[in-house]
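Asks:
Number of protein chains: 2
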Amino acid sequence: MVEALIFDVFGTCVDWRASVAREVAAVLPEVDAEAFATAWRGEYDPAMARIREGARGYVPLDDLHLENLDTVARAFGVRVPDRLALNAAWERLDPWPDVIQGLAALKRLAMIAPCSNGSIALMTRLARHAGLPWDCILGADLARGYKPQPEVYLASCAALRLPPEAVMMVAAHNSDLAAARAVGLRTGFVARPREHGPGQVQDLRPESDWDVIAEDFADLAAQILVLRSRGEVSCAGA
Amino acid sequence: MVEALIFDVFGTCVDWRASVAREVAAVLPEVDAEAFATAWRGEYDPAMARIREGARGYVPLDDLHLENLDTVARAFGVRVPDRLALNAAWERLDPWPDVIQGLAALKRLAMIAPCSNGSIALMTRLARHAGLPWDCILGADLARGYKPQPEVYLASCAALRLPPEAVMMVAAHNSDLAAARAVGLRTGFVARPREHGPGQVQDLRPESDWDVIAEDFADLAAQILVLRSRGEVSCAGA
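Chains E and X are the protein sequences, given in the same order. Per my numbering, residue 2 is the first one in the first sequence, and the count goes up by one each step. Per my numbering, residue 2 is the first one in the second sequence, and the count goes up by one each step.
In structure tokens:
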């Protein structure tokens with residue numbers, strides 16, 4: 002029985018690329034804003050990798066984003082007028098068009114929370130900006146680690162006092178779902194074929210028999226409603 | 002500049018006594034339900050004290066509530082038919098009448114979150130039951146300790162990446178505010194003279210010059226709005 006749905010956020014719930022590019026364009030008119038946003042995001046995984054491998058202690062993503070901004074600004078040969086203000090672009094990402102209504106419907110069926118590599122601080126401000134109606138904020142900060150480390154999924158389940166099999170991880174990334182499934186969570190896939198722009202090649206389709214495979218969050222809510230009518234989903238506090 | 006308001010929950014936001022007594026009355030018709038609820042709550046502080054003092058490692062409040070239920074049932078000489086179901090009464094507490102509308106108004110002015118001794122699991126389910134529109138859940142679980150330990154307030158500020166002076170603790174308990182002020186937070190007092198029933202003697206009035214002293218959450222929201230108009234409160238993501 003699923004009692005909570007936890008969500009990847011960057012790419013799955015929000016369009017980081019267009020949102021960050023918009024803010025880059027506003028303060029750095031001399032650069033190709035989409036290329037800059039893509040390069041900034043490109044530093045994301047290598048920065049976390051050092052922490053996952055134990056070469057560096059846990060540092061919240063806000064700090065990694067700022068370090069990565071400096072790296073990318075150097076590579077583009079530009080000086081950022083207000084580094085902290087531009088870094089906060091990650092708190093002002095816009096949701097995909099189906100997300101707000103979909104989450105509102107899902108919230109009536111189960112607990113909903115982000116399980117992101119973003120910090121509580123980042124996810125809280127982003128939720129206010131984008132109108133994401135989370136019940137609580139889970140993810141990296143609770144485990145002091147980064148997905149796909151198993152402890153991030155497990156700490157999120159533990160914070161809700163639920164066994165992994167009572168929690169469904171929802172993501173647009175097959176690797177995120179594979180890691181969640183490996184530690185016992187249920188899995189839901191929603192494709193986001195424009196996350197990386199028109200030339201996207203990865204995660205265009207589900208690469209495993211995920212428990213739910215949905216077109217978008219409206220379709221996800223419809224499928225979860227069917228599971229609920231079969232007694233496979235339950236709803237705390239509603 | 003205050004950017005977040007964090008709240009005590011039991012007593013300040015919700016009427017634990019009447020709510021727990023209602024559930025006790027439903028399953029233990031043979032006992033005085035209000036006396037049982039008061040006795041159950043009476044075990045709360047001694048149970049946390051052992052953890053604060055280091056005599057016991059951190060255990061979430063859900064578990065302490067269950068242990069305390071067994072203690073009180075023994076003292077009352079009753080057998081509880083479904084211990085876990087009755088223990089979940091703490092997830093079904095009703096808000097004081099001014100709370101929902103007050104929090105909705107406050108949420109437009111600053112980030113809002115519980116800073117309670119309840120776990121993330123408990124606070125999340127309670128928020129769904131009572132309709133508390135938190136931006137995120139802070140408190141005991143983040144610090145693995147119990148108020149009034151300073152680390153609970155400080156971990157809650159740190160999770161939002163705010164210095165203590167940018168966070169206001171709101172409570173109906175003078176001791177909670179004194180502990181928060183001691184580590185640099187701003188303070189807001191709202192009296193709840195019926196929390197302990199008609200014979201309440203403690204916390205009937207503010208016992209210090211707290212930064213804000215309000216009649217109820219509507220008054221609190223009105224006073225915070227004035228502070229905002231003076232530039233002393235700022236509003237992330239709205």
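Heads up, the beta-carbon is just placed ideally off N, CA and C, and yes, glycines get one too. As the structure is a prediction and not an experimental result, all values here were calculated from the model.
1. What's the C-alpha gap between residue 173/E and residue 84/E?
2. Between residue 215/E and chain X, is there a C-beta pair that is closer than 7 Å?
3. Given a threshold of 16 other Cβ atoms within 10 Å of its Cβ, counted over all protein chains shown, does residue 150/X qualify as buried or as exposed?
4. Going by C-alpha distance, which of 192/E, 24/E, 158/E and 44/E is nearest residue 92/E?
5. Bridge partners for residue 47/E per DSSP, in chain order?
6. In three-state terms, what does DSSP make of residue 15/E?
7. So, for residue 239/X: in the same chain, excluding its five sequence neighbours on each side, which residues have a beta-carbon less than 7 Å away from its beta-carbon?
8. Which term fits residue 96/E, buried or exposed, when burial requires 16 or more other beta carbons within 10 angstroms of its beta carbon?
9. Exposed or buried, residue 11/X, counting other C-beta atoms within 10 Å across all chains shown (16 or more means buried)?
10. Going along chain E in order, which residues have a C-beta closer than 8 Å to the C-beta of residue 161/X?
11. For residue 112/X, return the contacting residues in chain E, with the cut-off set at a CB-CB distance below 9 Å.
12. Please classify residue 231/X: is it buried, with 16 or more other beta-carbons within 10 angstroms of its beta-carbon, or exposed?
13. Pick helix, strand or coil for residue 158/X, following the three-state DSSP scheme.
14. In the DSSP assignment, what are the bridge partners of residue 191/E?
15. Can you give the beta carbon distance from residue 48/X to residue 38/X, rounded, assuming they're within the 8 Å contact cut?
16. Check whether the stretch 98 to 109 of chain X touches the stretch 75 to 84 of chain X, taking contact to mean three or more Cβ pairs, one atom from each stretch, closer than 8 Å.
17. Using the beta-carbon count (16 or more within 10 Å), is residue 71/X buried or exposed?
18. Looking at residue 153/X: is its Cβ nearer than 7 Å to the Cβ of residue 144/X?
19. Against residue 142/X, what residues of chain E qualify as contacts under a CB-to-CB distance less than 9 Å, listed in chain order?
20. Are the CB atoms of residue 165/E and residue 191/E within a distance shorter than 7 Å?
Replies: This is what the structure holds:
1. Here the question's residue 173/E lines up with position 172 in the first sequence. Here the question's residue 84/E lines up with position 83 in the first sequence. Looking at the two C-alpha atoms, the distance is approximately 30 Å.
2. As a position in the first sequence, residue 215/E is number 214, starting the count at 1. No - not a single Cβ of chain X is within 7 Å of the one on residue 215/E.
3. Within the second sequence, residue 150/X is the residue found at index 149, counting from 1. Classification for residue 150/X: buried.
4. For this step, residue 92/E is matched to residue 91 along the first sequence. Distance from the Cα of residue 92/E is smallest, within the candidate group 192/E, 24/E, 158/E and 44/E, for 24/E.
5. Taking the first residue of the first sequence as 1, we reach residue 47/E at position 46. Bridge partners of residue 47/E: none, in fact.
6. Here residue 15/E is taken as the residue at index 14 of the first sequence, counted from 1. Reduced to three states, the DSSP call for residue 15/E is strand.
7. Against the second sequence, residue 239/X aligns to sequence position 238. A caution first: residue 239/X carries a pLDDT of 45, below 50, which makes its placement in the model too unreliable to give a value.
8. By 1-based counting over the first sequence, the position of residue 96/E is 95. By the neighbour-count rule (16 or more Cβ atoms within 10 Å), residue 96/E is buried.
9. By 1-based counting over the second sequence, the position of residue 11/X is 10. When all chains shown are included, residue 11/X counts as buried.
10. Counting from one through the second sequence, the residue named residue 161/X turns up at place 160. By Cβ distance, chain E contributes 121, 122 and 125.
11. Translated into positions along the second sequence, residue 112/X becomes position 111. Listed by position along chain E, the residues whose Cβ is nearer than 9 Å to that of residue 112/X are 125, 126 and 129.
12. The residue you call residue 231/X lines up with position 230 of the second sequence. The residue is exposed, with fewer than 16 neighbouring Cβ atoms inside 10 Å.
13. Counting from 1 along the second sequence, the entry for residue 158/X is found at position 157. The answer is helix: DSSP assigns residue 158/X an H, G or I state.
14. Counting from one through the first sequence, the residue named residue 191/E turns up at place 190. Note: residue 191/E sits in a beta bridge opposite 215/E.
15. Translated into positions along the second sequence, residue 48/X becomes position 47. Translated into positions along the second sequence, residue 38/X becomes position 37. Wrong, their Cβ atoms sit about 16 Å apart, outside the cutoff.
16. Fewer than three Cβ pairs drawn from the stretch 98 to 109 of chain X and the stretch 75 to 84 of chain X lie within less than 8 Å of each other, which leaves the two stretches out of contact.
17. Counting from 1 along the second sequence, the entry for residue 71/X is found at position 70. It counts as exposed.
18. On the second sequence, residue 153/X is found 152 positions in, with the first residue counted as 1. On the second sequence, residue 144/X is found 143 positions in, with the first residue counted as 1. In contact: residue 153/X and residue 144/X (Cβ atoms closer than 7 Å).
19. Numbered from its first residue, the second sequence carries residue 142/X at position 141. Simply 143 and 160.
20. Reading the first sequence from its first residue, position 190 is the one you call residue 191/E. Reading the first sequence from its first residue, position 164 is the one you call residue 165/E. For the pair residue 191/E and residue 165/E, the CB atoms are not nearer than the 7 Å cut-off.
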